[in-house]
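Chemist: Take a look at the following structure, please.
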Amino acid sequence: MSKKAATRALEEDMVEYSRDNALHLNVEKTQILYLKNPQTIGPLGLLGVEIDRNGAFGTHHANVLNELRRRTGAIRRLASELPKGKLLNEIARALVIGKLNVCAWVTRRSQGYQDQSRREPGAGDNAAVQVILNDLARTLNGVRRSDGSGRRTSWTVAASQR
């Protein structure tokens, strides 16, 4: 069926509907509005924060974690070239902790929000961030994961108090 034939059939249906329901419809002044399904869009980037089409931050959290892992890897590579000390600590604070502090507050839920049924995966789950911070602290202190020395640094203490 062509578009004109479909439009004509729709006009006839409208006239019949208005006559059956005792409505006065001026067909010459009536226009037809064609509706279709809206196109779905991908995630929206807004001021460095990525929001998916449901308004959730899951993609943003994954991107931030990947970026933190890359930056921690860069610190690990630098640690083999630079002496462990204040310079390496400041670089780590600038690259990793700076990124974490800037991004953490944007997507954090308010304390009054208790609806766990809409909890998105990864949001509010600090375990992945804690692993990255622990890896960074081990790198800065020269401790390997298998050492088991049990030393706690100010990085892990600060992260666990959040």
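For the sequence shown, position 75 (counting from the first letter as 1) is numbered 75 according to full-length UniProt numbering, and the numbering increases by one without interruption. Backbone N, C-alpha and C define an ideal beta-carbon position, used for all residues, glycine too.
By the 10 Å Cβ neighbour count, where 16 or more other Cβ atoms means buried, how is Gln9 classified, buried or exposed?
Modeler: Inspection of the sequence shows that residue 9 is occupied by Ala rather than by Gln. Result: exposed.
Chemist: Between Val96 and Ala127, what straight-line distance do the alpha-carbon atoms span, to the nearest angstrom?
Modeler: 16 Å
Chemist: What number of angstroms, rounded off, separates the C-alpha of Val64 from the C-alpha of Gly73?
Modeler: 14 Å
Chemist: If you run the structure through DSSP and keep just helix, strand and coil, what is Leu44?
Modeler: strand
Chemist: Roughly how many whole angstroms lie between the Cα atoms of Arg144 and Ala92?
Modeler: 17 Å
Chemist: Express the C-alpha separation of Arg69 and Asn89 in angstroms, rounding to a whole number.
Modeler: 17 Å
Chemist: When you compare only the Cα positions, how much space is there between Leu140 and Ile41?
Modeler: 42 Å
Chemist: Measuring alpha carbon to alpha carbon, tell me which of Pro83, Leu87, Lys86 and Asn66 ends up nearest Ile132.
Modeler: Ranking Pro83, Leu87, Lys86 and Asn66 by Cα distance to Ile132 puts Asn66 first.
Chemist: Going by Cα to Cα distance, which pick from Ser18, His61 and Pro83 is closest to Lys99?
Modeler: The shortest C-alpha separation from Lys99 is found at His61.
Chemist: For Glu11, tell me which candidate among Lys84, Ile32 and Ile51 has the shortest Cα-Cα distance.
Modeler: Ile32
Chemist: Find the nearest neighbour of Asp135 within the set Ala79, Lys86, Gly85 and Gly45, judged by alpha-carbon distance.
Modeler: Ranking Ala79, Lys86, Gly85 and Gly45 by Cα distance to Asp135 puts Ala79 first.
Chemist: Hey, could you find the ends of the beta strand (DSSP E) Arg32 is sitting in?
Modeler: Strictly speaking, residue 32 in this sequence is Ile, with Arg absent from that position. Run containing Ile32: none; DSSP gives neither H nor E here.
Chemist: Tell me whether Glu81 sits in a helix, a strand or coil according to DSSP, three-state version.
Modeler: coil
Chemist: Between which two residues does the alpha helix (DSSP H) holding Val49 run?
Modeler: Here Val49 belongs to no alpha helix (DSSP H); instead the beta strand (DSSP E) covers Val49 to Ile51.
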